[in-house]
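K.L.:
Read top to bottom, the protein sequences are chains A and B.
For our numbering, add 210 to where a residue sits in the first sequence, where the first one is 1.
For our numbering, add 58 to where a residue sits in the second sequence, where the first one is 1.
Each residue gets a CB set at the ideal place from its N, CA and C atoms; glycine is no exception.
The structure displayed is predicted, hence computed values, not measured ones.
Sharing a structure below in structure tokens format, with a few things to ask.
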Amino acid sequence: MPASDASTRAASPLLRPPAAPPPSTDEALRPPDARQGPGPIPAPLLDALDVGINRLIARTLSGSRRATGVGAGTELSQLRPYEAGDDVRHIDAAASARTAALHVRVHVPERALTTWIVLDLSPSMAFGTARRLKADVAEGAATVFARLGLRRAGSVGVVAFGAPGGPRVLPPRGSKPGMVAVRKLLEQGVSPDEHQEPDALENALARTFRLSKLPGLVVVISDFRDHREWERPLGALRLRHAVIAVEVSDPAESSLPAVGRLAVVDPESGALVRVDSSSKRLRDRFEQLERERREGVARELRRLGIHHIALSTDQDWLIELGRRIG
Amino acid sequence: MSFGNPLWLLALALIPLALFAQRLSHRRTRAYAVRFPAAATLQQALSEGASPSWRRQLPIAALLLAIAAIVAAIAAPRVTHRVPIRAASLVLVLDHSGSMASNDVRPTRLQAAIRAANTFIDQLPSSARVGVVGFSTSPDTIQQPVTNHAAARTAIDNQQAGGGTDTGPALQLALQMLHGGKRSHPPAAIVLLSDGAANLGVNPVTVAVQAHRERIPIYTVALGTPGGVLSEGLFGPTVPVPPDPQLMAGIARTSGGRAYNAHTEEYLRSVYATLGRSLSTVARERDVSAYFLVAAGVLLLLAVLGSVRTAARIP
């Protein structure tokens with residue numbers, strides 16, 4: 211809000227002074243009107259997901275992932291009897307005293323994981339006709355992956371795209387600061403309407419590729435709608451990282467109800483479309499085109515060997531996420 | 059078609075007003091349009107031709123046409139049509155003097171005249187009475203005006219060229235046949251065909267004055283070209299036989315008729331056809347607003363049926 215406007219409103223005795231905007235909000239983002247948040251995320255479910263995610267990341271063989279550095283780490287692997295040549299600094303006093311034999315602690319290099327969340331903030335995410343908005347589901351998925359990524363000293367970075375002003379990048383941060391930063395970004399909502407950026411996903415993926423030097427986990431949360439040319443940068447990410455694609459959709463996007471004449475507006479392009487939804491031919495054609503589009507996305511992800519998780523706004527997204535990961 | 063109250067047609071301005079109002083309301087669509095991320099796909103499905111756009115415009119077009127029809131009906135539209143004159147009497151006065159054998163009008167003037175006269179009779183309604191006076195040196199073929207057109211045809215077909223041109227007495231005789239000496243008589247007209255100067259008997263203009271007094275117009279047709287000649291025999295001299303359009307025009311003007319100059323058979327025939335139509339029938343105006351109202355009703359019904367299907371669910 212401009213300063214002059216604020217001062218005139220404050221001067222009027224009849225009007226309440228405007229609430230001070232929360233500091234450091236993103237002007238270009240706006241919480242959607244019907245937002246209701248992702249809902250509760252129970253810790254036991256999160257633990258169950260953790261197992262699944264770890265299996266995904268570790269691929270099949272332990273050790274296939276490079277450690278952050280060389281040398282001894284901080285994570286305890288085992289306690290074993292002292293052998294000649296062991297570093298005396300690794301002798302564990304308590305264990306040696308209990309067993310009356312010298313024991314050393316063996317550490318493994320740390321497996322600190324960096325999780326990159328590539329999050330769609332485009333206006334089409336502020337849509338939902340069932341339980342929640344697509345933005346709510348995306349927020350929930352981002353929260354889950356952030357909390358899982360912060361476990362075991364991991365860090366989480368975010369590249370949020372689709373809003374005016376280019377992609378927003380949160381550098382990888384660990385534990386509390388990382389969670390606070392992700393929360394703050396998620397609370398600001400999504401882009402307002404009539405912002406169209408067809409290559410936003412492509413740019414965000416390329417940006418993520420440049421930023422993420424070390425192998426880690428990349429989670430792309432988007433509706434994969436109105437974006438193009440994202441296959442190549444996503445394939446590049448796949449070569450270095452474990453990649454999970456979370457596709458968020460709404461049942462109303464895949465089929466049109468027969469409700470007579472409809473005027474619909476595209477939230478991104480602002481194009482107005484008038485249709486007569488009582489035409490069965492039109493509804494069938496629309497359904498077919500949408501099915502083909504989603505099948506195309508699924509086929510492309512399968513080709514790239516990317517774990518594809520489709521979440522819908524009309525089901526419990528957390529259960530569905532667990533089912534697809536676990 | 060003409061209108062009794064053409065000022066009412068100003069109400070047709072309602073139609074552009076209605077179109078303008080529709081355009082305004084169209085612009086307001088954005089206010090209630092639903093946000094829909096799949097709008098692009100919907101547009102694609104739409105452009106692949108579910109229902110053509112003209113079908114959506116059909117109800118409004120029918121409605122506007124209905125308004126136009128109602129406005130036209132209020133403006134009292136009338137059409138002109140011809141009705142036969144009851145008991146119209148017509149006398150064909152045909153010249154069959156020697157100059158009618160000239161062939162400047164194909165095949166000969168007389169043959170052309172006979173054919174044209176038959177065309178004339180074709181145009182007449184059966185209630186019209188037709189008489190014939192054929193004349194050369196004197197009026198010789200006489201057929202009283204009767205509704206039996208075959209009699210008139212017979213009289214016409216039997217003409218032979220020969221003799222002088224004695225227009226005056228022939229016209230006098232025709233006049234007599236038409237009014238029969240009575241003051242009041244049914245509508246009547248004389249159609250005179252001649253190709254030469256009147257060279258005998260009463261001055262035809264005198265007769266025309268009398269005809270005007272009795273309200274019997276004489277329509278004259280001067281047949282032939284100015285260079286018309288008559289060859290007498292194979293080696294005989296050629297005699298110029300030009301028509302006399304001035305005299306004919308004088309007769310027509312004096313009596314209240316019209317004069318025509320026919321140089322060709324086609325023109326002669328068309329003159330006779332026109333005369334046959336116009337002398338035996340009369341133009342009447344008829345109110346046709348009822349048809350417009352019926353059309354408006356049908357269009358309104360179309361508009362309602364069309365919009366029940368497509369527009370009933372407008373929010």
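Looking only at its own chain, which residues have a Cβ that is under 6 Å from the Cβ of Gly249(A), when we skip the five neighbours before and after it?
P.N.:
So no residue of the chain qualifies.
K.L.:
Whether or not the segment 112 to 129 of chain B and the segment 502 to 520 of chain A are in contact is what I'm after, with contact meaning three or more pairs of Cβ atoms, one per stretch, closer than 8 Å; do they touch?
P.N.:
Flag = no, the segment 502 to 520 of chain A and the segment 112 to 129 of chain B do not touch.
K.L.:
Mind checking who Gln288(A) pairs with in its DSSP beta bridge?
P.N.:
BP columns for Gln288(A) point to Val316(A).
K.L.:
On the three-state DSSP scale, how would you describe Phe434(A)?
P.N.:
Of the three classes helix, strand and coil, the one that applies to Phe434(A) here is coil, per DSSP.
K.L.:
Using the Cα positions of Val426(A) and Ala363(A), report the straight-line distance between them to the nearest angstrom.
P.N.:
A small fix is needed here, since residue 426(A) is Gly in this sequence, not Val. Cα-Cα distance, rounded: 13 Å.
K.L.:
In angstroms with no decimal places, state the Cα-to-Cα distance between Leu472(A) and Ser487(A).
P.N.:
The straight-line gap from Cα to Cα measures roughly 7 Å.
K.L.:
Suppose you measure from the CA of Pro382(A) to the CA of Ala311(A); what does that come to, to the nearest Å?
P.N.:
So the alpha carbons of these two residues sit roughly 43 Å apart.
K.L.:
Check whether chain B comes within 8 Å of Thr270(A), counting only Cβ atoms and requiring the distance to be less than that.
P.N.:
Low per-residue confidence applies at Thr270(A): pLDDT is 39, beneath 50, and the placement is therefore not dependable, though the value from the model is reported in the following sentence. Closer than 8 Å: no.
K.L.:
Taking Glu500(A) and Ala348(B) to be in contact with their CB atoms under 8 Å, please state how far apart those CB atoms are, rounded to whole angstroms.
P.N.:
Contact flag wrong, Cβ pair sits at about 54 Å.
K.L.:
So for His321(B), helix, strand or coil by DSSP?
P.N.:
In this structure, His321(B) counts as coil in the three-state DSSP scheme.
K.L.:
Hey, which unbroken runs of the alpha helix (DSSP H) at 4 residues or more fall wholly within the segment 142 to 182 of chain B?
P.N.:
Entirely contained in the segment 142 to 182 of chain B, the alpha helix (DSSP H) runs reaching 4 residues are, in chain order, 167 to 181.
K.L.:
Take Val261(A) as the anchor and find which of Leu358(A), Val314(A), Ile301(A), Gly350(A) has the nearest alpha-carbon.
P.N.:
Minimum Cα distance to Val261(A) is reached at Leu358(A).
K.L.:
Over the uninterrupted alpha helix (DSSP H) stretch that includes Leu305(B), give me the two end residues.
P.N.:
Note, Leu305(B): alpha helix (DSSP H), 303 to 313.
K.L.:
Quick one: is Ala373(A) near chain B, going by C-beta distance under 8 Å?
P.N.:
Judged by the 8 Å Cβ criterion, Ala373(A) is not in contact with chain B.
K.L.:
State yes or no: is the beta carbon of Ile372(B) nearer than 8 Å to at least one beta carbon in chain A?
P.N.:
With a pLDDT of only 42 at Ile372(B), under the threshold of 50, the placement of this residue in the model should not be trusted; the figure read from the coordinates follows. True, the Cβ-Cβ gap to chain A drops below 8 Å.
K.L.:
Distance check for Arg448(A) and Arg291(A), CA to CA, integer angstroms please.
P.N.:
It should be pointed out that residue 291(A) corresponds to Pro in this sequence rather than to Arg. Looking at the two C-alpha atoms, the distance is approximately 42 Å.
K.L.:
Determine, using beta carbons only, whether Val514(A) and Ala351(A) come nearer to each other than 8 Å.
P.N.:
It is Leu, not Val, that sits at residue 514(A) in the sequence shown. No, these two residues do not count as a Cβ contact at 8 Å.
K.L.:
Report the partner residues of Glu106(B) according to the DSSP bridge assignment.
P.N.:
Paired residue(s): none; Glu106(B) is not in a bridge.
K.L.:
Check whether chain B comes within 8 Å of Pro467(A), counting only Cβ atoms and requiring the distance to be less than that.
P.N.:
By this cut-off, Pro467(A) is not an interface position.
K.L.:
Going by the DSSP bridge assignment, what does Phe371(A) pair with across the sheet?
P.N.:
Looking at the DSSP assignment, Phe371(A) forms a beta bridge with Asp330(A).
K.L.:
Give me the residue from Val149(B), Thr264(B), Met158(B) with the minimum Cα distance to Ala209(B).
P.N.:
Looking at the Cα atoms, Val149(B) is the closest of the given residues.
K.L.:
At the level of alpha carbons, what is the spacing between Trp527(A) and Arg512(A)?
P.N.:
Whole-angstrom Cα-Cα distance: 21 Å.
K.L.:
Short of 7 Å in beta carbon distance, which residues of its chain neighbour Asn319(B), apart from the five on each side in sequence? Order them along the chain.
P.N.:
Closer than 7 Å at Cβ, skipping near neighbours: Ala280, Pro303.
K.L.:
Could you check which residue in Pro197(B), Asp198(B), Ser196(B), Ala213(B) has the C-alpha nearest to that of Val204(B)?
P.N.:
Nearest of Pro197(B), Asp198(B), Ser196(B), Ala213(B) to Val204(B), Cα basis: Ala213(B).
K.L.:
Mind checking Val141(B): buried by the 16 CB within 10 Å criterion, or exposed?
P.N.:
Flag for Val141(B) reads exposed.
K.L.:
Determine the closest residue to Arg493(A) out of Ser464(A), Arg308(A), Leu482(A), Thr418(A), with distance taken between C-alpha atoms.
P.N.:
Nearest of Ser464(A), Arg308(A), Leu482(A), Thr418(A) to Arg493(A), Cα basis: Ser464(A).
K.L.:
8 Å is my cut-off, CB to CB: does Leu360(B) come that close to chain A?
P.N.:
No, because no Cβ of chain A sits closer than 8 Å to the Cβ of Leu360(B).
K.L.:
Per DSSP, what kind of secondary structure is Glu497(A) in: helix, strand or coil?
P.N.:
The answer is helix: DSSP assigns Glu497(A) an H, G or I state.
K.L.:
Under 8 Å between the Cβ atoms of Ala374(B) and Ser313(B)?
P.N.:
Since the displayed chain B opens at 59 and closes at 373, residue 374(B) lies outside it and no answer follows.
K.L.:
From this set, Leu360(B), Pro74(B), Arg93(B), Asn161(B), which residue's C-alpha is nearest Thr484(A)'s C-alpha?
P.N.:
Note that residue 484(A) corresponds to Arg in the displayed sequence, not to Thr. Taking only the C-alpha atoms, the option nearest Arg484(A) is Arg93(B).
K.L.:
Compute the distance between the beta-carbons of Leu411(A) and His437(A), then report whether it is under 8 Å.
P.N.:
Against a cut-off of 8 Å, the Cβ pair of His437(A) and Leu411(A) comes out as a contact.
K.L.:
Anything in the segment 74 to 100 of chain B with a Cβ closer than 7 Å to a Cβ of chain A? List those residues in chain order, please.
P.N.:
Those residues of the segment 74 to 100 of chain B that come within reach of chain A (Cβ to Cβ, closer than 7 Å) are Thr87, Arg88, Tyr90, Ala91, Val92, Arg93, Phe94, Pro95, Ala96, Ala97, Ala98, Thr99, Leu100.
K.L.:
Alpha carbon to alpha carbon, how far is Val352(B) from Gln218(B)? Give it in angstroms, no decimals.
P.N.:
Rounded to the nearest angstrom, the two C-alpha atoms are 58 Å apart.
K.L.:
Closest to Gly376(A) by CA distance: which of Trp326(A), His405(A), Gly384(A) is it?
P.N.:
Ranking Trp326(A), His405(A), Gly384(A) by Cα distance to Gly376(A) puts His405(A) first.
K.L.:
Could you run through the segment 467 to 481 of chain A and flag, in chain order, every residue whose CB is less than 8 Å away from some CB of chain B?
P.N.:
If the cut-off is 8 Å between Cβ atoms, the segment 467 to 481 of chain A has Val469, Gly470, Arg471, Leu472, Ala473, Val474, Val475, Asp476, Pro477, Glu478, Ser479, Ala481 near chain B.
K.L.:
How is Pro233(A) classed by DSSP in three states: helix, strand or coil?
P.N.:
Caution is warranted here: a pLDDT of 47 is assigned to Pro233(A), below 50, making its placement in the model unreliable, and the coordinate value is therefore given only provisionally. Of the three classes helix, strand and coil, the one that applies to Pro233(A) here is coil, per DSSP.
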